[in-house]
Amino acid sequence: EGVGPYEYIAMKLEVTQWGERAARVAELAKGTKTYLIAATLRSETMHGVTNIFVGSHLEYGLYRAVDARDGAECLYLCTPRAARNMAYQGLLKTENQVESVGEVKGAELLGTKVHPALSAHNEVYVVPMDSIKDNKGTAVVICMPADSPDDYMTTQELRKKPEYYNIEPEWVAAEEIAVLTTPTYGEHTAAAVCKALKINSSKDAKQLAEAKEIAYKEGFYGGTMVVGKYKGERVETVKNKIRDDLVGEGLAFMYSE
Ligand code: A2H
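Using full-length UniProt numbering, the first residue of the sequence shown is number 296, and each one after it goes up by one.
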């Protein structure tokens with residue numbers, strides 16, 4: 296792991312419909328409002344969310360928290376490790392204490408629908424990403440194929456081989472949604488960078504790390520928003536404003552590790 300402290304934006308993704316494979320999980324949640332918590336560095340790209348990724352083989356849990364939107368008790372879904380960190384940071388119901396209502400296997404979440412704030416889609420499906428690690432963030436990852444090379448390559452593979460990944464083809468969003476434009480790569484930075492580096496697999500870790508670096512820098516220093524409240528403004532200028540808006544509305548919170 297890195298040198299830390301590392302500041303993530305933890306996005307609260309409200310479950311709108313538990314999938315068929317999550318019947319046991321829905322039972323544990325007992326009708327309590329539940330949020331999948333995704334750790335991201337790029338909340339300015341929320342408009343372009345197409346799916347949510349979890350690791351099929353990873354262990355998650357449901358943890359008691361308080362919803363900043365209405366003060367009611369709610370549940371956060373993340374890894375036990377992230378829940379412990381959150382408890383120490385006072386982000387769960389009781390400071391320094393993790394109150395779990397049960398364990399969840401990533402595979403059970405596939406096909407569940409969530410509502411991502413600020414997104415063009417009202418609801419998106421949870422699908423698998425093999426490269427997710429449980430020693431970083433919450434192990435729930437927002438899929439932003441227009442700007443993230445990893446997300447772009449994984450989406451391509453899910454579309455090509457849904458049966459291999461044990462998902463229904465219609466769970467994978469049909470199209471990318473552009474959020475920003477860059478001088479060198481246009482509105483579909485991730486696709487353009489993957490093409491330039493001739494990446495053809497989501498397992499090409501070394502190449503993808505390079506692509507990630509290029510896409511991130513390009514988006515941050517050269518990007519201009521093409522949608523939303525800050526349309527026409529530079530990413531560098533509005534990045535923190537978008538984050539602060541989300542946190543202010545109780546749709547996200549800062550989480551560090
Ligand atoms: B980022 P860093 Cl648009 N396993 O969010 C694998 N990847 C994880 C993860 C985990 N457990 N937890 C978080 N991540 C991803 C958006 C995004 C991200 C865009 C572009 C680049 C990008 C949408 N996916 O990250 O190693 C999350 O994906 C490029 C670095 O801590 C998170 O931000 O620097 C990023 O990795 C954190 O990676």
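For every residue, glycine included, the Cβ atom is placed at its ideal position computed from N, Cα and C.
Any non-hydrogen atom of the ligand A2H within 8 angstroms of residue i CB
i	result
Ala434	yes
Thr476	no
Ala335	The amino acid at residue 335 is misidentified as Ala; the sequence shows Thr. Yes, the beta carbon of Thr335 sits closer than 8 angstroms to at least one heavy atom of the ligand A2H.
Tyr420	no
Met439	yes
Asn535	no
Ile332	no
Asp446	yes
Tyr303	yes
Ser497	no
Ile427	yes
Ser395	no
Asn430	yes
Asp442	yes
Lys307	no
Assigned secondary structure, residue i (DSSP; H/G/I helix, E/B strand, else coil)
i	result
Leu308	strand
Pro300	coil
Lys408	strand
Arg359	strand
Ser496	coil
Val396	strand
Tyr371	strand
Leu323	helix
Met520	strand
Ile509	helix
Ser551	strand
Leu336	coil
Glu528	coil
Met424	coil
Lys534	helix
Glu544	coil
Arg364	coil
Gln502	helix
Sheet register partners of residue i (DSSP bridge)
i	result
Thr477	Gly481
Asn346	Cys438
Val419	Val409
Leu331	Leu308, Leu372
Thr389	Gln392
Glu354	Lys400
Residue i beta carbon near the ligand FAD (any heavy atom closer than 8 angstroms)
i	result
Ala510	The model depicted lacks the ligand FAD and carries the ligand A2H instead.
Short CB-CB distance (under 9 angstroms) between residue i and chain D
i	result
Glu471	Given the protein chain composition of this structure (a single chain), no chain D is represented.
Beta strand (DSSP E) segments (min. 3 residues) lying fully within the segment 427-470: Correct list: 435-438.
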